[in-house]
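Since the structure comes first, as structure tokens, the remarks are kept for the end.
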Amino acid sequence: QARYIVNIKMSNSGLIKGKEGNKERSVTFGELCAVALLTSISLIFYFSFEEIHKLEKHHHSLIFMMPFLAIAWIVFVIPLFMYMSYLDDFKRLNPIIPTHYIRIATRCYKALSKNNLKVREKDM
Numbered sequence: 644q645a646r647y648i649v650n651i652k653m654s655n656s657g658l659i660k661g662k663e664g665n666k667e668r669s670v671t672f673g674e675l676c677a678v679a680l681l682t683s684i685s686l687i688f689y690f691s692f693e694e695i696h697k698l699e700k701h702h703h704s705l706i707f708m709m710p711f712l713a714i715a716w717i718v719f720v721i722p723l724f725m726y727m728s729y730l731d732d733f734k735r736l737n738p739i740i741p742t743h744y745i746r747i748a749t750r751c752y753k754a755l756s757k758n759n760l761k762v763r764e765k766d767m
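Following the numbering used here, the numbering of the sequence shown begins with 644 at its first residue and continues without gaps.
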């Protein structure tokens with residue numbers, strides 16, 4: 644069981660310094676950007692689902708867009724979760740920059756496709 648205690652102080656290696664169990668850890672700017680991007684993408688898709696649900700009362704065929712939107716959301720979100728899980732492999736990349744996000748996504752999906760949708764740290 645890892646307890647995470649956060650001390651909001653500026654540190655040299657990250658923005659927020661804290662402890663995870665006995666190990667010291669800091670939250671980087673890239674992690675904060677990934678969380679912000681994850682939140683904004685999720686909100687965009689949420690409001691898209693809500694709009695489709697409202698319009699579906701008059702245009703019944705729009706209901707078929709919901710599975711495609713859900714798949715698109717998953718495709719956009721998986722690289723962000725992998726970025727946050729394997730930070731050491733993406734040190735110089737920031738997901739908020741479109742070209743960096745594309746690099747992160749291609750590395751993630753290549754690793755997923757090589758290993759039957761299972762990724763370990765050595766695969767990245």
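Each residue gets a CB set at the ideal place from its N, CA and C atoms; glycine is no exception. Remember, it's a predicted structure, so these values are computed and weren't measured experimentally.
Requested in this report: Give me the Cβ distance between P738 and Y726, rounded to the nearest whole Å; I'm assuming they're in contact under 8 Å.
Outcome: Position 95 of the sequence shown, counted from the first residue, corresponds to residue 738. Position 83 of the sequence shown, counted from the first residue, corresponds to residue 726. Contact between P738 and Y726 holds, since their C-beta atoms are separated by about 5 Å, short of 8 Å.
**Report entry** Continuous alpha helix (DSSP H) stretch holding V762: start and end
**Finding:** Sequence index remark: in the sequence shown, residue 762 carries index 119 (1-based). Unbroken run through V762: none, as it is neither H nor E.
Query raised in the report: Considering only residues of the same chain and omitting the five flanking positions on each side of L755, which have a CB-CB separation below 7 Å?
Result: In the sequence shown, the residue the question calls residue 755 occupies position 112. Same-chain partners within the cutoff: V762.
Query raised in the report: How is L675 classed by DSSP in three states: helix, strand or coil?
Result: Working through the sequence shown from its first residue, we reach residue 675 at position 32. The answer is helix: DSSP assigns L675 an H, G or I state.
Query - Beta carbon of L736 nearer than 7 Å to that of I747 - result: For this step, residue 736 is matched to residue 93 along the sequence shown. For this step, residue 747 is matched to residue 104 along the sequence shown. It is a contact, given that the beta carbons lie within the stated cut-off.
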